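Taking it in order: structure first as structure tokens, then the write-up.
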DNA sequence: TTTTAATATAATAATATTTGAATATATGAA
DNA sequence: TTCATATATTCAAATATTATTATATTAAAA
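Residue numbers (the working numbering), protein chains in the order written: chain A, 1 to 115; chain B, 1 to 115.
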């Protein structure tokens, strides 16, 4: 239903320590709620709340196995986000080349402190 | 200084419509605040606040050109995030193959509705 | 040197997110 | 049937984020 939720909304939802941890686990395979209770130092209701939010946004889904709900990743964007989160970056982006132009003004001027 | 801010914190900061728009613009080149006032239907102080938050986190930086502050991207993760946000994804991830195992239980059971 | 343009900062109000506590539901077992 | 287990839902309190308004800063221009 809510497949309309924008990418930024998805990013926002994913950008939470508990939810990233959950998604990281699910990226390794299906997990039920009590499996997740192992890793996360969160109450069961809170974990369920995070799972429900992720599911409402179409980011994960589950199948039912008896008393268990077995969650798994659904939205492929998650894989890419997780990859970025563990990627190594070397240094900052190169600063602007000399004399870039903005609509209102022109370089050069004093560069700020921490560059 | 705050280079310690974790990746998830960066993700969280970036996951805001105004800030994503700002970063998208900066990814095309240096922009000063009043340039940004063009695109964004936000007050000048609010734009400055978003810029300040992004700068505190080391995501962007600026140089000074007279009365202007010319902002540019600093953290390379932004480029990857922007790329993901405009990437095309075709369909959902494949569901779990038959009979994956969770610690607590085993497939199969009823699959949930929207798969 | 006063004024103006560009931008930043501070304080607050409005709103959203997060967690915790209590309770509900559903399923398999006894 | 009743019970226990696994999980979800609801509501409220605590907290964080966001936008607004007013004011401050800084540098160039007049």
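Just so you know, even glycine gets a beta-carbon here, dropped at the ideal spot from N, CA and C. Since the model is a prediction, treat every value here as computed from it, not as a measurement.
Legend entry - For residue 42 of chain A, the three-state DSSP class (helix, strand or coil): Within the first chain, residue 42 of chain A is the residue found at index 42, counting from 1. Assignment of residue 42 of chain A by DSSP, reduced to helix, strand and coil, places it in the coil class.
Inset, instruction - Measure the Cβ-Cβ separation of residue 65 of chain B and residue 95 of chain A and say whether it is below 7 Å. - result: Numbered from its first residue, the second chain carries residue 65 of chain B at position 65. Numbered from its first residue, the first chain carries residue 95 of chain A at position 95. No. Outside cutoff.
Legend entry - Selected residue, minimal CA-CA separation from residue 42 of chain A, among A:88, A:57, A:19: Here residue 42 of chain A corresponds to residue number 42 of the first chain, with the count starting at 1. The option with the nearest alpha carbon to residue 42 of chain A is A:19.
Legend entry - Cβ contact check for the segment 51–58 of chain A and the segment 25–40 of chain B: 3 or more pairs under 8 Å: no
Inset, instruction - Please state if the CB of residue 30 of chain B and the CB of residue 72 of chain B are separated by a distance shorter than 7 Å. - result: As a working note, residue 72 of chain B is residue 72 in the second chain. As a working note, residue 30 of chain B is residue 30 in the second chain. Taking 7 Å as the Cβ cut-off, residue 72 of chain B and residue 30 of chain B qualify as a contacting pair.
Inset, instruction - Mind checking who residue 64 of chain B pairs with in its DSSP beta bridge? - result: For the purposes of this step, residue 64 of chain B is identified with residue 64 of the second chain, where counting begins at 1. According to DSSP, residue 64 of chain B bridges with B:69.
Inset, instruction - Alpha carbon to alpha carbon, how far is residue 34 of chain A from residue 84 of chain A? Give it in angstroms, no decimals. - result: The residue you call residue 84 of chain A lines up with position 84 of the first chain. The residue you call residue 34 of chain A lines up with position 34 of the first chain. Distance between the alpha carbons of residue 84 of chain A and residue 34 of chain A: 28 Å.
Inset, instruction - Please list the partners that residue 57 of chain A has in chain B, where partner means a Cβ-to-Cβ separation under 8 Å. - result: The residue you call residue 57 of chain A lines up with position 57 of the first chain. The contacting residues do not exist; residue 57 of chain A stays about 12 Å from chain B at best.
Legend entry - Exposed unless 16 or more other CB atoms sit within 10 angstroms - verdict on residue 12 of chain B: Within the second chain, numbered from 1, the residue matching residue 12 of chain B stands at position 12. Counting Cβ neighbours within 10 Å, residue 12 of chain B comes out buried, since at least 16 surround it.
Inset, instruction - Using a threshold of 7 Å, state whether the C-beta atoms of residue 8 of chain B and residue 17 of chain A are closer than that. - result: Translated into positions along the second chain, residue 8 of chain B becomes position 8. Translated into positions along the first chain, residue 17 of chain A becomes position 17. Contact: yes.
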